[in-house]
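Numbering (the UniProt record's numbering), first residue to last: 1 to 169.
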């Protein structure tokens with residue numbers, strides 16, 4: 001069973017078993033009440049299913065409460081653990097939308113077939129995502145915008161770009 005990260009438990013919150021989560025997903029519905037998530041324990045990598053029965057946002061963190069835990073002592077050891085979902089829980093995307101895990105690992109080349117490198121990371125600084133592409137220790141920041149990204153072939157893990165002036169300098 002394949003899993004994808006949707007959050008990281010960074011701390012507890014209060015004494016009733018609530019956890020403070022840094023979100024690693026664009027889909028708010030991942031944390032809706034009644035949703036099943038799995039806690040991937042930091043130390044053991046074991047997966048423990050949990051059901052969200054409380055969710056609120058506080059100071060840029062998602063505060064979650066799970067049906068299974070009602071005390072700070074029950075959740076203390078989950079600090080630094082990941083929250084994951086099954087891949088069969090993925091939401092259907094629009095035609096020109098992609099999951100990060102589909103883009104990361106793709107080879108990037110120019111429309112002239114010059115290899116730029118491999119997408120290692122995706123940043124979300126604001127208006128558009130920025131792909132971190134690396135090759136031979138060099139790092140390029142490629143904006144995910146229509147003027148630059150011309151073709152995405154997830155099946156073959158290939159991306160074609162038309163670099164703007166100065167983008168690859």
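Glycine included, every Cβ here is placed at the ideal spot set by N, Cα and C.
Measuring straight from C-alpha to C-alpha, what distance separates residue i and residue j?
{"i": "residue 55", "j": "residue 157", "result": "36 Å"}
{"i": "residue 124", "j": "residue 8", "result": "17 Å"}
{"i": "residue 106", "j": "residue 134", "result": "11 Å"}
{"i": "residue 48", "j": "residue 16", "result": "19 Å"}
{"i": "residue 20", "j": "residue 5", "result": "15 Å"}
{"i": "residue 168", "j": "residue 59", "result": "37 Å"}
{"i": "residue 31", "j": "residue 79", "result": "18 Å"}
{"i": "residue 76", "j": "residue 35", "result": "21 Å"}
{"i": "residue 66", "j": "residue 87", "result": "21 Å"}
So, at 8 Å on beta carbons, what are the nonlocal neighbours of residue i in its own chain, with the 5 sequence-adjacent residues on each side left out?
{"i": "residue 104", "result": "119, 120, 121, 122"}
{"i": "residue 33", "result": "52, 53, 54, 55"}
{"i": "residue 91", "result": "27, 29"}
{"i": "residue 11", "result": "19, 20, 79"}
Decide if residue i is buried, meaning its Cβ has at least 16 other Cβ atoms within 10 Å, or exposed.
{"i": "residue 137", "result": "exposed"}
{"i": "residue 117", "result": "buried"}
{"i": "residue 150", "result": "exposed"}
{"i": "residue 62", "result": "buried"}
{"i": "residue 115", "result": "exposed"}
{"i": "residue 145", "result": "exposed"}
For residue i, write down the residues that DSSP places opposite it in a beta bridge.
{"i": "residue 3", "result": "86"}
{"i": "residue 121", "result": "132"}
{"i": "residue 62", "result": "21, 57"}
{"i": "residue 108", "result": "117, 159"}
{"i": "residue 8", "result": "22, 82"}
{"i": "residue 15", "result": "Residue 15 is not bridged to any residue."}
Note down, in chain order, each residue of its chain lying with its Cβ closer than 7 Å to the Cβ of residue i, except the 5 sequence neighbours on either side.
{"i": "residue 81", "result": "9, 39, 40, 41, 42"}
{"i": "residue 141", "result": "130, 132"}
{"i": "residue 143", "result": "128, 130"}
{"i": "residue 102", "result": "154"}
Under 8 Å by Cβ, that's how I've got residue i and residue j pegged, so tell me the actual separation to the nearest angstrom.
{"i": "residue 98", "j": "residue 24", "result": "Actually they are not in contact, since the Cβ atoms of residue 98 and residue 24 sit about 16 Å apart, beyond 8 Å."}
{"i": "residue 148", "j": "residue 162", "result": "6 Å"}
{"i": "residue 50", "j": "residue 68", "result": "5 Å"}
Looking at residue i and the ligand NAP, is the gap between the Cβ and the nearest heavy atom below 7 Å?
{"i": "residue 57", "result": "Absence of the ligand NAP is noted for the structure shown, with no ligands found whatsoever."}
Among the residues of its own chain, which have a CB less than 6 Å from the CB of residue i, if the five just before and after it don't count?
{"i": "residue 73", "result": "none"}
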